[in-house]
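Here is the structure we will look at, set down as structure tokens.
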Amino acid sequence: MDNPGHSTRAQAQKYVREHFAAGAQYIDGRPARGTSGHTHSVVDPATGERVFRYELAGTDDVDAAVAAARDAFPGWSAATPGERSDALHRFAAVLADRAEEFARAESLQCGKPLKLSREFDVPGTVDNTAFFAGAARHLQGQSAGEYSGDHTSYVRREPIGVIGSIAPWNYPLQMAAWKALPAIAAGNTIVLKPAELTPLTSLLFAEAATRAGIPDGVLNIVTGTGKEAGEHLVAHPDVAMTSFTGSTAVGKRVAEVATSTVKRLHLELGGKAPFVVFDDADLDAAVHGAVAGALINTGQDCTAATRAYVQRPLYEEFVSRTADLMSTVRLGDPFAPDTDLGPLISHGQRDRVAGFVDRARSSARVVTGGEIPQGLEDGAYYLPTLIADAAQDSEIVRSEIFGPVLVVLPFDSDDEGIRLANDTPYGLAASAWSRDVYRANRATREIRAGCVWINDHIPIISEMPHGGHRASGFGKDMSVYSFEEYTQIKHVMFDNTAVAAKDWHRTVFGDR
Ligand code: NAD
């Protein structure tokens, strides 16, 4: 592999080994080693090299983190919104100062091209932090009223307590931010379990919070397996809420465990986003949008465009132009400045993606890709892949692949296009492509998903909510809507009569 990024990678590896020498847990404001008795390795998916070996968290570490979060809760929840806001503003500034450190660690552990980490993951996280610094001052209950005539009622909005959060490996930094920021802005404290494959930037994030003056114990990280550390966190009696982002299969298990301890639950699960191209669409825009929307983060994006439905008159041209554009995407070293697409997260994930494509070959057409690229076999690379003519009920159309694979199917009527878009259990995101405002507006109403883009696919912004419908989960990340997850409301009722024998008492004793 041509490797102009070699020295940047070597520096990033050295930095990681030195920086995390004290362990991959962050409890009560300081790093710690896990005590499960098992180790795990962060592997660079671009080379297959082991970058960093660490001790996984066990149940004792989860207990220690929950205890630290519980102890920090009274102080943090009693801080004024202004004080929490100031701390979050300082947090945003520390993150911005250390942006390059974060970007390199994220690219090293995920194999993301450095341009994606630098231009999307890290600035998105800084912006999210700045957004919640402002939003922390706008937490409101409802105004008071005399609804009974004899009382004044009002609603207080209060934090919930210790939040136990579990995150996936595809956007480790952004997922840590999406989980932690609304929770702590609202006065909660948190224990976050990142995915075992990718703990580095969650740890840096927590360390930056301490550096910004956020009190010890407010944001804790436990890096352990899902089965041991994850389930213990979800079941923990001192954890008031579970917020989970990951696959629908694991989400179901998390829901079972959380339900048995009566916890509030927020689930951000898998997706299989449709991309609906009507016959009046700007074809050039749709082709560019499909390639970017399908390949972002090597397709390991819960909102990635995965199923393109293209109205019959545009179908063949869409297929051939999308394949042509896909084949220009440059795979390579994530640290090289001209790399567009990095590897998948692991060789296991690459083989899983290859398995989906191989099983589809007998009944669909692989137009481009469908192979491990030559010369890049050491890394977990897979060529951008376009599959046409698959059946709607086939596995490649219905299951979440989580790789650089786009399936294209034709449709005839608008009714059919929208019906097919809704024809999976998922409902996280979707896009529709049209120049006709009525058609586009119909798609926004009738496609059942948490986000519908018109003439674009992927952009997210801190001010707007992200979250699923149907098997993609419930609850929202980002925006002020996320406060609905991380706060609870309390009805406060004052008697206004100052009368001992109140009128309503006669329903219990005495006569009028
Ligand atoms: P995953 O479900 O395998 O794992 C997610 C997290 O859950 C990891 O930290 C894992 O250790 C933990 N876990 C595993 N078993 C557990 C258990 N029994 N109890 C508690 N925790 C457990 O998902 P992944 O492979 O890391 O990530 C990819 C998935 O995440 C995809 O399905 C993707 O769509 C989804 N995702 C969704 C969103 C969203 O916003 N809806 C965002 C990113 C990723």
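Position one of the sequence shown corresponds to residue 1 (the UniProt record's numbering), numbered consecutively onward.
Note that CB positions come from ideal geometry on N, CA and C, so glycine has one too.
Annotated three-state conformation of GLU268 is strand, per DSSP. DSSP places ASN170 outside both helix and strand once states are collapsed to three, so it counts as coil. Across the set GLN140, VAL94, ALA432, ARG253, the C-alpha of VAL94 shows the shortest separation from the C-alpha of PRO123. Under the DSSP definition of a beta bridge, HIS151 partners with ASP495. When beta bridges are read from the DSSP output, MET241 appears opposite ILE163, ARG264. By the Cβ-count criterion, THR223 is buried, with 16 or more other Cβ atoms from all chains shown falling within 10 Å of its own Cβ. Cβ atoms of ALA305 and THR201 stay farther apart than 8 Å, at about 26 Å. At least one heavy atom of ligand 1 falls within 7 Å of the beta-carbon of CYS302. The alpha-carbon of GLY332 is positioned some 40 Å away from that of GLU485.
Residues LEU265, LEU267 of the same chain have their beta carbon placed closer than 7 Å to that of ALA255, with the five preceding and five following residues left out of the count.
In this structure, ligand 1 has no non-hydrogen atom nearer than 7 Å to the beta-carbon of PHE474.
Ranked by Cα distance from ARG470, the options SER85, LYS252, ASP61 are led by LYS252.
Taking non-hydrogen atoms of ligand 1 into account, the C-beta of LYS263 is found less than 7 Å away from none of them.
Annotated as proximal: ALA429 and ALA273, with beta-carbon spacing under 8 Å. Using a Cβ distance threshold of 8 Å, PHE335 and TRP433 do not count as a contacting pair. Burial check for VAL397: the Cβ neighbour count within 10 Å reaches 16 or more, so the residue is buried.
For the segment 194-226, the continuous beta strand (DSSP E) assignments of 3+ residues that do not extend past its boundaries occur at 219-221, in sequence order. Shown here, GLU463 sits in coil according to DSSP, grouped into three states, outside any helix or strand.
Counting other Cβ atoms within 10 Å of its Cβ, SER363 stays below 16 and is therefore classed as exposed.
For CYS451, there is no enclosing alpha helix (DSSP H); the residue is part of the beta strand (DSSP E) that begins and ends at 451-454.
Taking C-beta separations shorter than 6 Å and ignoring five residues to either side along the sequence, the partners of TYR481 in its chain run PRO465, following chain order. Inclusion of GLY226 in the 7 Å shell around ligand 1 follows from its C-beta lying nearer than that to a non-hydrogen atom of the ligand. Rounded to whole angstroms, ILE190 and HIS288 show a C-alpha spacing of 40 Å. For ALA388, the secondary structure class from DSSP, reduced to helix, strand or coil, is strand. Excluding sequence positions up to five before and after VAL492, its CB lies within less than 8 Å of the CB of SER153, TYR154, VAL155, ARG156, all in the same chain and listed in chain order. LEU181 and THR487 do not touch by the CB rule: their CB atoms are close to 14 Å apart, not below 8 Å. For LEU233 and ALA354, the gap between their C-alpha atoms comes out near 34 Å. Contact between the segment 69-80 and the segment 402-412 is absent: fewer than three C-beta pairs spanning the two stretches fall below 8 Å. Taking the Cβ of ASN220 as the reference point, every heavy atom of ligand 1 lies at 7 Å or farther away.
Between TYR309 and ALA421, the C-beta gap is smaller than 8 Å, which places the two residues in contact. Within the chosen limit of 7 Å, ligand 1 does not reach the beta carbon of SER117 with any heavy atom. Your pair ALA65 and SER36 does not check out as a contact, with CB atoms roughly 13 Å apart and the cut at 8 Å. Taking the C-beta atoms as reference points, GLY217 is found nearer than 8 Å to ALA68. Rounded to whole angstroms, the gap between the alpha carbons of VAL257 and ALA235 is 6 Å. Looking at ALA10, ALA130, SER431, THR245, the one whose alpha-carbon comes closest to that of PHE474 is THR245.
Here the distance from the Cβ of GLU400 to the nearest heavy atom of ligand 1 is below 7 Å.
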